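Residue numbers (our numbering): 785 to 981. Using N, Cα and C, we set each Cβ at its ideal position, and we do this for glycine too. Keep in mind that this is a model prediction, so the values were computed, not measured. Notes to accompany the following structure.
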């Protein structure tokens, strides 16, 4: 038994078979079945959808005037790059999407959004939400000068009384609404005058 030797071809055969077996067991990629491939694709597409929806939601919080569909379209065009989409919105280069360009959004937007073109358009006031003048009963103060301005001048300090503070803040809110209304009316009148001449 001491004379038994292993021949060179036997050693080579054993090494080659060992390499083949080890390679097959450890280095060969596992081939998933068709069902496993479909499940993996479904998980990937669901994850991509969640990432896209999160990006659209974040952009819509920053730019509520831009339609969800437009954000989806622009994110698709930029390869999901939120900073590129943000730059396009800020520079006014975001394009309005036609209904045939993109599938409908996956989830409705929780915040009201306005349509967006190369510039922001104003949406007509909805029937359910009155304008601020109606909401705060300021119709009688719209045409006349505000009497509250004199009251605000003398009560400039911050009161320790909760009711006085609330009253002061309401007066300031009303005055700001009325000033904004007057500025808008002046702007509209100037545009009409410029358009008429």
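Worksheet item: How many angstroms separate the CA atom of residue 849 from the CA atom of residue 843?
Response: When rounded, the distance between both Cα atoms is 10 Å.
Worksheet item: If we count Cβ pairs, one from each stretch, closer than 8 Å, do we get three or more for the segment 800-813 versus the segment 821-829?
Response: No: fewer than three Cβ pairs fall under 8 Å.
Practice prompt. Locate the alpha helix (DSSP H) running through residue 979, then write down its first and last residues.
Written response: For residue 979, the uninterrupted alpha helix (DSSP H) segment begins and ends at 946-980.
Worksheet item: Looking at the structure shown, is residue 793 part of a helix, part of a strand, or coil, going by DSSP?
Response: DSSP places residue 793 within a helical segment (H, G or I) once states are collapsed to three.
Fill in: Delimiting residues of the alpha helix (DSSP H) encompassing residue 871
Per DSSP, residue 871 belongs to the alpha helix (DSSP H) from 866-874.
Discussion item. Here's a check: name, in chain order, each residue in its chain whose Cβ is nearer than 7 Å to the Cβ of residue 965, leaving out the five neighbours to either side.
Written reply: Only 917, 926 meet the Cβ criterion.
Worksheet item: Per DSSP, what kind of secondary structure is residue 924 in: helix, strand or coil?
Response: In the three-state scheme derived from DSSP, where H, G and I count as helix and E and B as strand, residue 924 is classed as helix.
Worksheet entry | Counted within 10 angstroms of its Cβ, other Cβ atoms place residue 947 as buried (16 or more) or exposed | It counts as exposed.
Worksheet item: Which of helix, strand or coil does DSSP assign to residue 800?
Response: If DSSP states are grouped into helix, strand and coil, residue 800 belongs with the helices.
Worksheet entry | Exposure of residue 856, with buried meaning 16 or more beta-carbon neighbours within 10 Å | Classified as buried, residue 856 has 16 or more neighbouring CB atoms from the shown chains inside 10 Å of its CB.
Worksheet entry | Three-state secondary structure (DSSP) of residue 841 | Residue state for residue 841 is assigned as helix, using DSSP reduced to three classes.
Item to complete: From the DSSP output, in three-state form, read off residue 829 for me.
Response: In this structure, DSSP gives residue 829 a helical state, which the three-state scheme calls helix.
Fill in: Reference residue 836, options 866, 808, 846, closest by Cα
Taking each of 866, 808, 846 in turn and checking the Cα distance to residue 836, the smallest one comes out for 866.
Practice prompt. Can you say whether residue 796 is buried or exposed, counting buried as having 16 or more other CB atoms within 10 angstroms of its CB?
Written response: Its Cβ having fewer than 16 others within 10 Å, residue 796 is exposed.
Worksheet item: For the candidate residues 847, 976, 833, whose alpha-carbon lies nearest to that of residue 860?
Response: For the set 847, 976, 833, the Cα lying nearest the Cα of residue 860 is the one of 833.
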